[in-house]
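Below you'll find the structure, written out as structure tokens, and then a few comments.
There are 2 protein chains.
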Amino acid sequence: MPSKPAAPITIDAVYAAPGYLFRRMQQIAVSIFMEECKAFDLTPVQYAALIAIHAHPGIDATRLSAVIAFDRSTLGSVIERLQAKDYIDRRPAPEDKRIKLLYLTRPGAAILREIVPAVERAQARMLEPLKPADRKALMGLLVQLVDLNNEASRVPLRAEDALEHLGKAG
Amino acid sequence: MPSKPAAPITIDAVYAAPGYLFRRMQQIAVSIFMEECKAFDLTPVQYAALIAIHAHPGIDATRLSAVIAFDRSTLGSVIERLQAKDYIDRRPAPEDKRIKLLYLTRPGAAILREIVPAVERAQARMLEPLKPADRKALMGLLVQLVDLNNEASRVPLRAEDALEHLGKAG
DNA sequence: CCTAGATCGTAAGTATACTGTCAATCAATA
DNA sequence: TATTGATTGACAGTATACTTACGATCTAGG
Numbered sequence: 000m001p002s003k004p005a006a007p008i009t010i011d012a013v014y015a016a017p018g019y020l021f022r023r024m025q026q027i028a029v030s031i032f033m034e035e036c037k038a039f040d041l042t043p044v045q046y047a048a049l050i051a052i053h054a055h056p057g058i059d060a061t062r063l064s065a066v067i068a069f070d071r072s073t074l075g076s077v078i079e080r081l082q083a084k085d086y087i088d089r090r091p092a093p094e095d096k097r098i099k100l101l102y103l104t105r106p107g108a109a110i111l112r113e114i115v116p117a118v119e120r121a122q123a124r125m126l127e128p129l130k131p132a133d134r135k136a137l138m139g140l141l142v143q144l145v146d147l148n149n150e151a152s153r154v155p156l157r158a159e160d161a162l163e164h165l166g167k168a169g
Numbered sequence: 000m001p002s003k004p005a006a007p008i009t010i011d012a013v014y015a016a017p018g019y020l021f022r023r024m025q026q027i028a029v030s031i032f033m034e035e036c037k038a039f040d041l042t043p044v045q046y047a048a049l050i051a052i053h054a055h056p057g058i059d060a061t062r063l064s065a066v067i068a069f070d071r072s073t074l075g076s077v078i079e080r081l082q083a084k085d086y087i088d089r090r091p092a093p094e095d096k097r098i099k100l101l102y103l104t105r106p107g108a109a110i111l112r113e114i115v116p117a118v119e120r121a122q123a124r125m126l127e128p129l130k131p132a133d134r135k136a137l138m139g140l141l142v143q144l145v146d147l148n149n150e151a152s153r154v155p156l157r158a159e160d161a162l163e164h165l166g167k168a169g
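Chains as they are written, first to last, in numbering that gives the first Met the number 0: chain D, 0 to 169; chain C, 0 to 169.
Have a look at this one:
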């Protein structure tokens, strides 16, 4: 079998490349999120962090990064900003002086309740151009692919591992 | 019809959200790209910029940003880095003193030829966990979605508009 | 009990992504 | 032609994403 000919160096090859499409789609998703949620002064990352803290009060930053698959270093500044906005509270853990436990404040819980409908609108808008059946198909394939590629990312999702020690589910 | 009940605030809802999946997939894609291309000291963005300059020698930064749908402000520093590595050349346009025209240098053209196989491996790896038919389906849906959502992004792709004045095709 | 290795938070450094703003320049028009 | 308006590239500021490193702390082994 003859070796495959070298791919031509064209922009169209870039446009059709998975990596390019994922990047583009992410840009679009963030843009739509920010548009729908501009009244709330919360970024997608900050939103996910709030959700996770809401679901797991008293989680620490390292475990939080595993639960939402965010880079640990980045998360430090995300937490700082959420704290500056008074949406979360950071308390030292009595049994481990290294750890700081994260909790939603009352305003944090409130903004979360308020922003949810806007986030839902944003999520819907991202897929809106597709036919309903195609939306389902795309999401199904993406869930599969992200899961199967989990270990390939620098910050794999480790929800279960991270939560083992918290002694609570989902 | 009763109004839809408020969505529960759970992490699983985040995991299934399009925005989260797009973000995750992008992280994975960049990670795989960097791994396959680590010998070349080129990021995905820098690679795309080189390809575009290769395809359109003498393009300026603003048009380049439209051709690859990158933010123009960001592109400034990308260009600086490519220039620092001696992969591109920036020359003032004689007929317009505001514009600086971009060209690949000889080393830039060389690295481009060399990196292409690694990039192809990276692109293939991103989809590898899926069955071939599913890869096709996913790419087809993504191409559609990115195209239909083009205007939703802050930096829409404007390949044709941008190239009109260059007097050459893609 | 005390050291070796792991873990937690933090910080510095690089790269992308976007928001503004600004001066220089060009183009179109009054 | 002289002013207006648009465009180009540059810069400042914020936010994410990742790397490496480092001190403080905890835990396990000897």
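Each residue gets a CB set at the ideal place from its N, CA and C atoms; glycine is no exception.
Item	Value
Please name the residue, chosen from D:145, D:130, D:157 and D:119, that lies closest to residue 12 (chain C) on a Cα-to-Cα basis.	D:119
Among C:127, C:45 and C:145, which residue has its Cα nearest to the Cα of residue 73 (chain C)?	C:45
Counting Cβ pairs, one atom from each stretch, are 3 or more of them under 8 Å apart for the segment 18-28 of chain C and the segment 98-110 of chain D?	no
Closest to residue 126 (chain C) by CA distance: which of C:63, C:36, C:60 and C:32 is it?	C:32
Can you give me the C-alpha to C-alpha distance between residue 65 (chain D) and residue 48 (chain C), rounded to a whole angstrom?	33 Å
Can you tell me whether residue 129 (chain D) is helix, strand or coil according to DSSP?	coil
May I ask you to list the residues that DSSP assigns as paired with residue 7 (chain D)?	The partner list for residue 7 (chain D) (beta bridge, DSSP) is empty, contrary to what the question assumes.
Mapping the DSSP letters down to three states, classify residue 91 (chain C) as helix, strand or coil.	strand
Within 10 angstroms of its Cβ, does residue 54 (chain D) collect 16 or more other Cβ (buried), or is it exposed?	buried
So what's residue 40 (chain D) in DSSP terms, helix, strand or just coil?	coil
Anything in chain C within Cβ reach of residue 52 (chain D), meaning under 7 Å, just list it in chain order.	Those do not exist, as residue 52 (chain D) stays about 10 Å from chain C at its closest Cβ, beyond 7 Å.
Alpha carbon to alpha carbon, how far is residue 138 (chain D) from residue 128 (chain C)? Give it in angstroms, no decimals.	15 Å
Hey, quick one: how far does the alpha helix (DSSP H) through residue 79 (chain C) stretch, first residue to last?	71-83
Counting contacts by CB-CB distance shorter than 9 Å, is residue 128 (chain D) in contact with chain C?	yes
Any C-beta of chain C sitting closer than 9 Å to the C-beta of residue 133 (chain D)?	yes
Using beta carbons (cut-off 9 Å, strictly below), is residue 30 (chain D) in contact with chain C?	yes
Within 9 Å of any Cβ in chain D, is that where the Cβ of residue 26 (chain C) sits?	yes
Of all Cβ atoms in chain D, is any one closer than 9 Å to the Cβ of residue 110 (chain C)?	no
At a Cβ threshold of 9 Å, is residue 91 (chain C) touching chain D?	no
Helix, strand or coil: how does DSSP classify residue 19 (chain C) here?	helix
What did DSSP end up calling residue 144 (chain C) once you bin it into helix, strand or coil?	helix
In angstroms with no decimal places, state the Cα-to-Cα distance between residue 144 (chain D) and residue 29 (chain C).	15 Å
Return the Cβ separation of residue 87 (chain C) and residue 39 (chain C) in integer angstroms, given the expectation that the two are a contact with Cβ distance under 8 Å.	At roughly 15 Å, the Cβ-Cβ gap does not stay under 8 Å, so residue 87 (chain C) and residue 39 (chain C) are not in contact.
Roughly how far, in whole angstroms, is the beta-carbon of residue 156 (chain C) from the beta-carbon of residue 68 (chain C), given that I think they are within contact range, below 8 Å?	4 Å
What is the rounded straight-line gap between the Cα of residue 97 (chain D) and the Cα of residue 84 (chain D)?	24 Å
So residue 122 (chain D) and residue 18 (chain C) are in contact, right, with Cβ under 8 Å, and what is the actual spacing, rounded?	6 Å
For chain C, find out if any of its Cβ atoms is closer than 9 Å to the Cβ of residue 65 (chain D); answer yes or no.	no
Report the rounded CA-to-CA distance for residue 63 (chain D) versus residue 95 (chain C), giving the unit in angstroms.	52 Å
In the DSSP assignment, find the unbroken alpha helix (DSSP H) run with residue 157 (chain D) in it and report its ends.	It is not in any alpha helix (DSSP H) - residue 157 (chain D) carries neither H nor E in the DSSP assignment.
Between the alpha carbons of residue 93 (chain D) and residue 57 (chain D), how many angstroms are there, rounded?	12 Å
Tell me where the alpha helix (DSSP H) around residue 104 (chain D) begins and ends.	Here residue 104 (chain D) belongs to no alpha helix (DSSP H), and DSSP marks it neither H nor E.
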